[in-house]
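Following: one structure in C-alpha cells, then a few remarks.
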Amino acid sequence: MIQGKSVSKVAIMADPREPDKLVAVQEAMDTLLGHLELLGVEAECFVNVPVKEMEPGDDVDLFVVMGGDGTMIHFAARLSQKNIPFYGLNYGNVGFMMNNPAEGLDVHARRMKTGDFFFREFPVLGVKTTDLQGNIHHGVGLNDIYLQRMTPQSCKANITLSGQSLKVNPVVCDGIVVATPLGSTAYNYNVTGSMVSIDAPVITLTPVAALRTCPVSCMMLPMETVIEFDILEPKKRRVQVVSDGMSHGDLTHAEIRVSDRKVRICFDKEYSRNLPIRFINKACS
Numbered sequence: 008m009i010q011g012k013s014v015s016k017v018a019i020m021a022d023p024r025e026p027d028k029l030v031a032v033q034e035a036m037d038t039l040l041g042h043l044e045l046l047g048v049e050a051e052c053f054v055n056v057p058v059k060e061m062e063p064g065d066d067v068d069l070f071v072v073m074g075g076d077g078t079m080i081h082f083a084a085r086l087s088q089k090n091i092p093f094y095g096l097n098y099g100n101v102g103f104m105m106n107n108p109a110e111g112l113d114v115h116a117r118r119m120k121t122g123d124f125f126f127r128e129f130p131v132l133g134v135k136t137t138d139l140q141g142n143i144h145h146g147v148g149l150n151d152i153y154l155q156r157m158t159p160q161s162c163k164a165n166i167t168l169s170g171q172s173l174k175v176n177p178v179v180c181d182g183i184v185v186a187t188p189l190g191s192t193a194y195n196y197n198v199t200g201s202m203v204s205i206d207a208p209v210i211t212l213t214p215v216a217a218l219r220t221c222p223v224s225c226m227m228l229p230m231e232t233v234i235e236f237d238i239l240e241p242k243k244r245r246v247q248v249v250s251d252g253m254s255h256g257d258l259t260h261a262e263i264r265v266s267d268r269k270v271r272i273c274f275d276k277e278y279s280r281n282l283p284i285r286f287i288n289k290a291c292s
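Counting in the numbering used here, the sequence shown runs from 8 upward without gaps.
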C-alpha cells in the first residue's frame, strides 16, 4: 500500500442508472461538495457523462467515484491512462473497491484534503480482437475480459498460451473468462473459477460450461502470459468479447494480456489493513 497525498482538486463522477439511485447519489454529491468547499478543495462533477466525453482538468489530483463496484469498473480502466488515483464511495451493493460513506462525508472530505488514505495499484487487462470483416478492436478490463457465445451454438476455440498450444484444444464451451486477481472474486468466481489473493502475480483463465473433453476448470497463469484465442467456425459459432461493459462481436481472433496500465484505488487506513484477506472474506460472505 502507498500513502496518499494531500489533494487540491477532485473530479467527482457517477453513473446511476435508476431514478432513486440518481437522487441519492446527487444528494450525497451536493453534501460532499459542500464539505470540500469548506476545506478549500476544488471540484468538477460528471454525472451520467459518457467516459469518452469526460475531460477532467489537468490539475485534478483525485477521481472520486460515487456508486458501487460496477461504477468503479465503468470508469477506472478507461481513465487509467490519466494516472490519477480513484477514491470510491459506496452507494451500490457489496463495494469491494469502495469506502463506506456512513462514516460521514465530512470525514472523507478531510481524508481527501490531507491525503489520509492509502492506495493500491491493480493491473489492467488489454484485449485486441479481429472480427469477420477484418476490423481490429481494442478494450481494457479492470476485473476481467471474457469471450461468450452469441447464439445457441457453443464457442469453439483453440487457445494458445505465450505461443504454446493447449493439448486440450479445441475447447468447446459457453465462454471463457480471463480475470485479474482483483476480478477473480467476481464473474470468474461465480462460474467456478478460483479465487486468488489480490496481491498474487497471476491471472486466471476459466472456461464456462466446457464439454467434458476439456478437463480444466480454471488455470492460474503467470501475469506475463499472452493468451490467444482462434475462433473456429466463427460464422456458425458466433463469439463476442466483453470488457468492462463494452462488447464486440463476430470474432475470429482475440489476444488478451496484462497491459501497461495500472489503476490506483484508495482505501482508508483501517480498511487497508490486511486488504487481501478482507477481499477474500467479503467474497465469501
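Where is the CB? At the ideal position from N, CA and C, for every residue including glycine.
Note that this is a predicted model, so its numbers are computed, not measured.
Touch test, the stretch 74-85 against the stretch 144-156, Cβ-Cβ under 8 Å, three pairs minimum: The stretch 144-156 and the stretch 74-85 touch, with three or more beta-carbon pairs separated by less than 8 Å.
Residue burial classification, Ala18 (beta-carbon count within 10 angstroms, cutoff 16): In summary, Ala18 is buried, with 16 or more beta-carbon neighbours lying within 10 Å of its beta-carbon over all protein chains present.
Sheet register partners of Tyr153 (DSSP bridge): In the DSSP output, where bridge partners are listed per residue, Tyr153 has Val184 and Val249.
For Ile272, the nearest candidate out of Gln160, Leu189, Leu40 and Asp181 (CA to CA): Checked all of Gln160, Leu189, Leu40 and Asp181; the closest Cα to Ile272 is Leu189.
Whether Val48 touches Val14 by CB criterion (9 Å): For Val48 and Val14, yes; Cβs fall inside 9 Å.
Integer-rounded CB distance, given that Val233 should sit under 8 Å from Ser169: Taking the Cβ atoms as the reference, Ser169 lies roughly 5 Å from Val233, within the contact range of under 8 Å.
For Gly95 and Met104, believed in contact at Cβ under 8 Å, the rounded distance: Indeed, because the Cβ distance is near 5 Å, the residues count as touching under 8 Å.
Neighbour-count burial assignment, Asp251, 16 or more Cβ in a 10 Å radius: With 16 or more other Cβ atoms inside 10 Å of its own Cβ, Asp251 counts as buried.
C-alpha gap between Glu277 and Ala217, whole angstroms: If I take the Cα positions, the gap works out to 41 Å.
Residues bridged to Gln171 (per DSSP): DSSP, once it has assigned bridges, lists Leu168 as partnering Gln171.
For Gln10: DSSP bridge partner residues: In DSSP, Gln10 forms a bridge with Phe125.
Coarse secondary structure for Ser2, derived from DSSP in three states: Coverage of the chain is limited to positions 8 through 292, which leaves residue 2 absent and any answer about it impossible.
N- and C-terminal bounds of the beta strand (DSSP E) containing Phe70: Phe70 -> beta strand (DSSP E) spans Leu69 to Gly74.
Classification of Pro9 by the beta-carbon crowding that lies within 10 angstroms, buried from 16 upward: The question names Pro, yet the displayed sequence has Ile at residue 9. The residue in question, Ile9, is exposed, as its Cβ has fewer than 16 Cβ neighbours within 10 Å.
Cβ neighbour criterion (16 or more within 10 Å) applied to Ala186: With 16 or more Cβ atoms within 10 Å of its Cβ, Ala186 is classed as buried.
Counterpart residues of Asn106 in DSSP-defined beta bridges: Leu96, per the DSSP bridge assignment.
Exposure label - Val71; buried when at least 16 CB within 10 Å: By the 10 Å Cβ count, Val71 comes out buried.
Beta-carbon proximity list for Glu51, same chain, < 8 Å, skipping 5 on both sides: Take Glu51, set aside five residues on each side of it, and the residues of its chain with a beta-carbon closer than 8 Å to its own are Lys16, Val17, Ala18, Ile19, Pro63, Gly64 and Val67, in chain order.
For Gly141, the nearest candidate out of Cys225, Arg285, Ala207 and Gly256 (CA to CA): Of Cys225, Arg285, Ala207 and Gly256, the smallest CA-CA separation from Gly141 is found for Gly256.
Residues near Pro222 in its chain [Cβ-Cβ closer than 8 Å; skip 5 each side]: So the qualifying residues of the chain are Val175.
Residue interval of the alpha helix (DSSP H) (run including Thr38): From DSSP, the alpha helix (DSSP H) with Thr38 extends over Pro26 to Leu45.
The ligand NAP heavy atom lying under 8 Å from the CB of Thr199: With respect to the ligand NAP, the structure offers nothing, as it holds no ligand at all.
Inter-residue CB distance, Ser201 and Cys180 (contact presumed, cutoff 8 Å): Going by Cβ atoms, the distance from Ser201 to Cys180 rounds to 17 Å, so no, they are not a contact pair.
For Cys225, the first and last residue of its enclosing alpha helix (DSSP H): Element bounds for Cys225: n/a, residue is neither H nor E.
Gly182 and Ile263 closer than 9 Å at C-beta: Against a cut-off of 9 Å, the Cβ pair of Ile263 and Gly182 comes out as no contact.
Through-space distance from Lys289 to Val203, alpha-carbon basis: Going by the C-alpha atoms only, they are around 13 Å apart.
As assigned by DSSP and simplified to three states, the class of Met316: There is simply no residue 316 to check, as the chain begins at 8 and stops at 292 in what is shown.
Arg244, enclosing alpha helix (DSSP H) - first and last residue: According to the DSSP assignment, Arg244 belongs to no alpha helix (DSSP H), since it is labelled neither H nor E.
Continuous alpha helix (DSSP H) stretch holding Leu258: start and end: Taken as a continuous stretch (DSSP letters only), Leu258 belongs to no alpha helix (DSSP H), being part of the beta strand (DSSP E) at Leu258 to Phe274.
Residue environment, Ile210, which counts as buried when at least 16 other CB atoms sit within 10 Å: Result: buried.
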